[in-house]
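Residue numbers (the UniProt record's numbering): 1 to 171. Glycine is no exception: its CB is placed at the ideal position from the N, C-alpha and C atoms. Just so we're clear, the structure is a prediction, and the values are computed from it rather than from any experiment. For reference, the structure is listed below as structure tokens.
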């Protein structure tokens with residue numbers, strides 16, 4: 001539904017919903033999806049939908065990684081943004097209701113974000129929503145999430161061509 005939106009969804013972070021300038025946007029990798037699932041105990045979804053953001057802010061990306069590696073106690077919230085398809089662009093479209101014109105990394109804190117049925121704002125931690133603690137096996141799994149790289153004992157060992165040739169002396 002983003003074709004009619006005032007602002008493209010990828011100008012906002014999927015996790016926190018805040019406006020991200022281009023230099024602060026990161027793609028959502030499989031590793032981040034897995035860490036997101038560990039922290040929030042639900043899968044990161046809607047990546048096949050045009051009405052949801054497909055980027056994560058640098059602060060949320062590093063926050064999730066730092067939590068997993070125990071360099072940070074928690075994210076600032078217990079429940080992330082919850083995205084649903086918008087009913088209309090007048091009063092239920094997060095991307096149409098936020099005017100980012102003229103905002104930059106220095107003044108973006110002045111933006112006001114609505115809490116809508118289609119875009120529920122993050123909920124901070126409290127007594128009923130405590131900080132999650134990564135388990136040791138999650139740290140190992142989270143830091144070693146290279147899903148496309150497989151090695152086994154039958155893989156050939158690479159030897160550069162230069163090492164196959166006899167050394168030459170120069171005079």
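Status (buried if at least 16 other CB within 10 Å, exposed otherwise) for residue i
i           : result
residue 30  : exposed
residue 34  : buried
residue 11  : buried
residue 133 : exposed
residue 112 : exposed
residue 129 : exposed
Rounded separation between residue i and residue j - CA only
i           : j           : result
residue 67  : residue 78  : 13 Å
residue 72  : residue 131 : 11 Å
residue 43  : residue 101 : 32 Å
residue 65  : residue 170 : 51 Å
residue 55  : residue 127 : 30 Å
residue 17  : residue 70  : 24 Å
residue 125 : residue 61  : 18 Å
Cut-off 6 Å between Cβ atoms - residues of its own chain near residue i, not counting five sequence neighbours on either side
i           : result
residue 89  : 4, 96
residue 6   : 96
residue 120 : 82
residue 15  : 56, 60, 80
Own chain residues within Cβ distance below 8 Å of residue i, not counting five before or after
i          : result
residue 92 : 86, 116, 117, 118
residue 41 : 132
Proximity test, residue i beta-carbon vs the ligand SAH heavy atom, cut-off 7 Å
i          : result
residue 86 : No copy of the ligand SAH occurs in the structure displayed, which carries no ligand at all.
Nonlocal neighbours in the same chain, by C-beta distance under 7 Å from residue i, ignoring five residues either side
i          : result
residue 58 : 24, 26
residue 63 : 72, 75
Q. Enumerated in chain order, which unbroken segments of the alpha helix (DSSP H) with a length of 4 residues or greater are wholly contained in the segment 43-78?
A. 58-68
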